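Residue numbers (full-length UniProt numbering): 1 to 241. The beta carbon of each residue, even a glycine, is placed where N, CA and C say it ideally should be. On a predicted model such as this, the values are computed, not experimentally measured, just so you know. Below: one structure, written as structure tokens.
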Amino acid sequence: MIIEVTDLHKSFGDHEVLSGIDLSVAEQEVVCIIGPSGSGKSTFLRCLNLLEDVTSGEVVIDGHSLTDKRTDIDGVRAEIGMVFQQFNLFPHKSVVENIMLAPVKVRGLSKAAARERALALLEKVGLQDKASAYPSSLSGGQQQRVAIARALAMEPKIMLFDEPTSALDPELVGEVLAVMKDLAQEGMTMVVVTHEMGFAREVGDRVCFMDNGLLVEQGTPEAIFDSPQETRTREFLDKIL
Ligand code: ADP
Ligand code: MG
1 MIIEVTDLHK SFGDHEVLSG IDLSVAEQEV VCIIGPSGSG KSTFLRCLNL LEDVTSGEVV
61 IDGHSLTDKR TDIDGVRAEI GMVFQQFNLF PHKSVVENIM LAPVKVRGLS KAAARERALA
121 LLEKVGLQDK ASAYPSSLSG GQQQRVAIAR ALAMEPKIML FDEPTSALDP ELVGEVLAVM
181 KDLAQEGMTM VVVTHEMGFA REVGDRVCFM DNGLLVEQGT PEAIFDSPQE TRTREFLDKI
241 L
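Set out below in structure tokens:
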């Protein structure tokens, strides 16, 4: 298991947002997390790479416990790529510079090597002709594909996606999901918070339904979508499908 979460609790003040989450993710597995707004999905993802510190419980990434003070947190974080709803590209840097930045600054890669890697990643996400463009000249779907390439430039072992297509116009969603599907098929370990039930069904190895800070139900996409066991899961799916 490359991710092992045990009895994870997270509170903001006296508001408990995560109330005891257990989840293990195997290498190369694609886990999709679905659930209503406010159920704690983003907070959970953010706990996985310590963008939030956890209130109690344990998160182990690739054998490193995030709550163990001896763990090199930045080292573990570097193994995890994250893509958000908002792409957060640097507006004053070109596409290729956006992708080169972290490998040069954090990994000490030479600019030439970083550029070569960036160009290969741009080809992978279908944007090789946009290397010198600036983010503002790109569509939302293109920007999100650059954001994915930028995360991949650090050669992460795990990719976390938090509603990566929710800010996109409907006609741009498919191109981003296609890149994510390719990545899954290449064996990337992925945890994907999404409202795209078609993607979860087709690409997910496992679907987890979260509600009110709890992982209510998990199973294969067929099990969750076709025969959910829990009332709350059924009610959620009835509303959105
Ligand atoms: P989801 O991603 O499922 O919509 P979130 O994890 O964003 O849910 O939020 C879960 C709950 O935690 C919400 O009630 C939200 O208001 C609260 N929350 C999230 N982040 C913070 C924060 N930094 N401070 C206080 N409350 C927060
Ligand atoms: Mg969220």
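T233 sits buried, since 16 or more C-beta atoms from the chains shown fall within 10 Å of its C-beta. Selection V17, C32 and M100 evaluated against L23 yields C32 as nearest (Cα-Cα). Between ligand 1 and the CB of G20, the shortest heavy atom gap is not smaller than 7 angstroms. As the crow flies, the alpha-carbon of V125 is around 22 angstroms from that of E27.
Inside the segment 7-31, DSSP marks whole beta strand (DSSP E) runs of 3 or more residues at positions 15-25, from first to last along the chain. For K111, the distance from the CB to the nearest heavy atom of ligand 2 is not below 7 angstroms. When only Cα atoms are considered, R70 and M197 end up about 40 angstroms apart. Its chain contains A167, L168, D169 and L172 as the residues whose beta carbon lies nearer than 7 angstroms to that of G140, once the 5 sequence neighbours on both sides are disregarded; these appear in chain order. C-alpha of E52 to C-alpha of V207: approximately 23 angstroms in a straight line. Rounded to the nearest angstrom, the Cβ distance from L183 to L45 is 17 angstroms, too far for a contact under 8 angstroms. With a threshold of 7 angstroms, the Cβ atom of V193 counts as near ligand 2, since some heavy atom of the ligand is closer than that. Scanning the segment 33-64 from its first residue to its last, the whole beta strand (DSSP E) runs of 3-plus residues come out as 56-61. Rounded to whole angstroms, the Cβ separation of V76 and H92 is 30 angstroms, and the two are not in contact under 8 angstroms. Taking all protein chains in view, the Cβ of V106 is surrounded by fewer than 16 other Cβ atoms within 10 Å, so the residue is classified as exposed. Taking C-beta atoms as the reference points, M154 and P103 count as a pair closer than 8 angstroms. A straight-line Cα-Cα distance of about 11 angstroms links N88 and S136. When the alpha-carbon of E16 is set against those of N49, E123 and V54, the nearest one is in V54.
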